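Per the working numbering, the sequence shown starts with residue 52, numbered consecutively.
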Amino acid sequence: MEKEFNWKELGFNYLKADFNFISHYKDGQWDEGNLVEDDKITISQGSTCLHYGQQCFEGLKAYTHKDGTVCLFRPDQNAKRLNESCRRVLMPEVPVEFFLDACRRIVKANKRLIPPYGSGATLYLRPYVIGVGDNVGVRPASEYIFGIFVTPVGPYFKGGMAPVNFITSDYDRAAPMGTGAAKVGGNYAGSLLPHAEAVKAGFADCIYLDPATHTKIEEVGAANFFGITKDGTFVTPKSPSILPSITKRSLLYLAEHNLGMKVEERDVLIDNLGEFAEAGACGTAAVITPIGAIQHKENKHVFHSETEVGPVTRKLYETLLGIQAGDIEAPEGWIFNVEI
Ligand code: PLP
Ligand code: COI
Numbered sequence: 052m053e054k055e056f057n058w059k060e061l062g063f064n065y066l067k068a069d070f071n072f073i074s075h076y077k078d079g080q081w082d083e084g085n086l087v088e089d090d091k092i093t094i095s096q097g098s099t100c101l102h103y104g105q106q107c108f109e110g111l112k113a114y115t116h117k118d119g120t121v122c123l124f125r126p127d128q129n130a131k132r133l134n135e136s137c138r139r140v141l142m143p144e145v146p147v148e149f150f151l152d153a154c155r156r157i158v159k160a161n162k163r164l165i166p167p168y169g170s171g172a173t174l175y176l177r178p179y180v181i182g183v184g185d186n187v188g189v190r191p192a193s194e195y196i197f198g199i200f201v202t203p204v205g206p207y208f209k210g211g212m213a214p215v216n217f218i219t220s221d222y223d224r225a226a227p228m229g230t231g232a233a234k235v236g237g238n239y240a241g242s243l244l245p246h247a248e249a250v251k252a253g254f255a256d257c258i259y260l261d262p263a264t265h266t267k268i269e270e271v272g273a274a275n276f277f278g279i280t281k282d283g284t285f286v287t288p289k290s291p292s293i294l295p296s297i298t299k300r301s302l303l304y305l306a307e308h309n310l311g312m313k314v315e316e317r318d319v320l321i322d323n324l325g326e327f328a329e330a331g332a333c334g335t336a337a338v339i340t341p342i343g344a345i346q347h348k349e350n351k352h353v354f355h356s357e358t359e360v361g362p363v364t365r366k367l368y369e370t371l372l373g374i375q376a377g378d379i380e381a382p383e384g385w386i387f388n389v390e391i
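Here it is, written out as structure tokens:
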């Protein structure tokens, strides 16, 4: 199995899996779902997901532990957030147990693609809900698909656990009372141009500021922001227009309970980055990516270093990954076993 892939070389790319999970919603209910080999779906050209962005998605990972067991990290939290997104764009919810069962089924069916312990790669699961069926007016669909595909992945940002630089964007990712807290595709469509401009300017991605005042950090591309103050407090932005990251919530817990740090969710002013000794981006795909520097207008602020990972960021990374890989005892209810 290990010979088939060069796990260490994997980036964050799509690779056709052996099986995909598909469930249809019609007449007010989800069918039990099927594992299918075909990774193409046929939908009406009038589908609301194509025209009006009526869709949402999730991202989570399966990890192989040292003893060979395969586990999902907090998938119940993804189920909960998927349903929050569904409610925001008027789609039917996916029952949590159904979601968890579908995740287990698809991981088991794609056993061949699960990276081994210690490889640095994981199996990424991408659940989604889309509005389908014939339609043309702006209204919610009458039919839906809940699907999951999987693909083995390595680091999202090149270099993995190495500092990268970001630049603030003049564009907004979300509106104050918009859909920023939901994981809906429209948020990402709007991010493509700012992302491309940031990359063109030589940065890994852009940082979005709060849409109302452009003075506070909201998101780091498709990840949340955290900073470590000079007196060792873990700080992360609080705002109704950022995606409530499961990784961020996990780090808040681990910083406080495992590392004995003070933690704060509050405003992070872009003009006060000097309060932080270290900073990072966190998310399922990004894991923990140290931020070397942030460019804001003419000012470039360097945190710990543009080449070296700060000590607290490293400790957070080791703790989080240790838990996900099963090497450190997890808080109750965080690890879901998959019978392979
Ligand atoms: N922010 C955005 C915009 C994201 O797309 C993601 C990825 O899911 C995150 C933050 C991190 O969230 P999580 O830790 O739940 O993956
Ligand atoms: C994730 O971290 O799972 C994401 O969804 C971020 C990005 C790849 C969209």
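Quick reminder that beta carbons are idealized off the backbone N, C-alpha and C, glycines included. Since this is a predicted model, take the numbers as computed values, not measurements.
Task: GLU369 versus PHE72 - alpha carbon distance - done: Cα to Cα, GLU369 sits roughly 32 Å from PHE72.
TODO: Can you grab the Cα-Cα spacing for the pair ALA68 / LEU305, in whole Å?
DONE: Cα to Cα, the separation comes out at about 33 Å.
- [ ] Determine the contact status of ALA274 and CYS333, defining contact as a CB-CB distance below 7 Å.
- [x] A contact, by the Cβ cut-off of 7 Å.
TODO: Under 7 Å Cβ to Cβ from PHE208, same chain only, skipping five residues before and after it: list those, please.
DONE: The answer, listed in chain order, is VAL215, ALA255, ALA337, THR340.
- [ ] To the nearest angstrom, report how far apart ILE342 and THR364 are at their CA atoms.
- [x] Note on geometry: alpha-carbon atoms of ILE342 and THR364 lie some 10 Å from one another.
Open item on the list: Just verifying my parser: in three-state terms, what is the DSSP assignment at VAL147?
Closed with: Secondary structure at VAL147: helix, using DSSP grouped into helix, strand and coil.
Open item on the list: Given 6 Å as the limit, tell me if GLY231 has its C-beta closer than that to any heavy atom belonging to the ligand COI.
Closed with: The answer is no for GLY231.
TODO: Decide if ASN186 is buried, meaning its Cβ has at least 16 other Cβ atoms within 10 Å, or exposed.
DONE: Residue burial is scored here from C-beta neighbours: ASN186 has at least 16 other C-beta atoms within 10 angstroms and is therefore classed as buried.
TODO: Could you tell me if SER95 is buried or exposed, where buried requires 16 or more neighbouring beta carbons within 10 angstroms of its beta carbon?
DONE: Flag for SER95 reads exposed.
Task: Helix, strand or coil at ASP118 [DSSP, three-state] - done: Three-state result, ASP118: coil.
- [ ] Select from CYS137, PHE200, VAL286, PHE56 the residue whose C-alpha is nearest the C-alpha of ALA233.
- [x] Ranking CYS137, PHE200, VAL286, PHE56 by Cα distance to ALA233 puts CYS137 first.
Open item on the list: By the three-class DSSP mapping on this structure, what secondary structure does GLU135 have?
Closed with: If DSSP states are grouped into helix, strand and coil, GLU135 belongs with the helices.
- [ ] Within its chain, find whatever has a CB closer than 6 Å to the CB of PHE316; leave out the 5 residues flanking it on each side and keep chain order.
- [x] Looking at the sequence shown, residue 316 is not Phe but Glu. Cβ-Cβ distances below 6 Å link GLU316 to THR287, LYS289 in the same chain, with the five nearest sequence neighbours on each side left out; the list follows chain order.
Task: ALA381 CB to nearest heavy atom of the ligand COI below 6 Å - done: No, the ligand COI has no heavy atom inside 6 Å of this Cβ.
Task: PRO341: first and last residue of the uninterrupted beta strand (DSSP E) it sits in - done: That run of the beta strand (DSSP E) goes 338-347.
Task: Residue from VAL87, GLN80, LEU151 whose Cα sits closest to the Cα of ASN161 - done: Distance from the Cα of ASN161 is smallest, within the candidate group VAL87, GLN80, LEU151, for VAL87.
Open item on the list: So, for ARG224: in the same chain, excluding its five sequence neighbours on each side, which residues have a beta-carbon less than 8 Å away from its beta-carbon?
Closed with: GLY231, ASN238, GLY241, SER242, PRO245, TYR259, PRO262, GLU269, GLU270, SER292.
TODO: With DSSP as the reference, please indicate the residues paired to ILE386 in a beta bridge.
DONE: Looking at the DSSP output, ILE386 bridges to PHE124.
Task: Integer Cβ distance of VAL140 from VAL235, believed to fall under 8 Å - done: Going by Cβ atoms, the distance from VAL140 to VAL235 rounds to 6 Å, so yes, they are a contact pair.
Task: Proximal residues to LYS77 (C-beta, below 6 Å), its chain only, five neighbours per side dropped - done: Counting only Cβ-Cβ distances below 6 Å, and skipping sequence neighbours, we find GLU194.
TODO: Identify every run of the beta strand (DSSP E) within the stretch 250-329, keeping only runs that are complete inside it and at least 3 residues long; order them along the chain.
DONE: Those beta strand (DSSP E) runs which fall completely within the stretch 250-329 and span 3+ residues are 256-260, 268-271, 274-280, 285-287, 314-316.
Open item on the list: Shorter than 6 Å, the distance from the beta carbon of ALA240 to the closest heavy atom of the ligand COI, or not?
Closed with: Incorrect: ALA240 has no Cβ contact closer than 6 Å to the ligand COI.
Open item on the list: Taking the straight line between their C-alpha atoms, what separation do you get for GLN346 and LEU324?
Closed with: C-alpha separation (whole angstroms): 11 Å.
- [ ] Determine the contact status of THR266 and LEU320, defining contact as a CB-CB distance below 7 Å.
- [x] Taking 7 Å as the cut-off, the beta carbon of THR266 is found closer than this to the beta carbon of LEU320.
Open item on the list: I want to check one thing, is the minimum distance from the CB of GLY334 to the heavy atoms of the ligand COI below 6 Å?
Closed with: Yes; taking the cut-off as 6 Å, the Cβ of GLY334 has a heavy atom of the ligand COI nearer than that.
TODO: Kindly provide the ranges of any alpha helix (DSSP H) runs that are 4 or more residues long and lie completely inside the stretch 187-239, ordered along the chain.
DONE: Qualifying alpha helix (DSSP H) stretches: none in this window.
TODO: Grab the span of the beta strand (DSSP E) containing GLY182 for me, first residue to last.
DONE: Taken as a continuous stretch (DSSP letters only), the beta strand (DSSP E) holding GLY182 covers 173-183.
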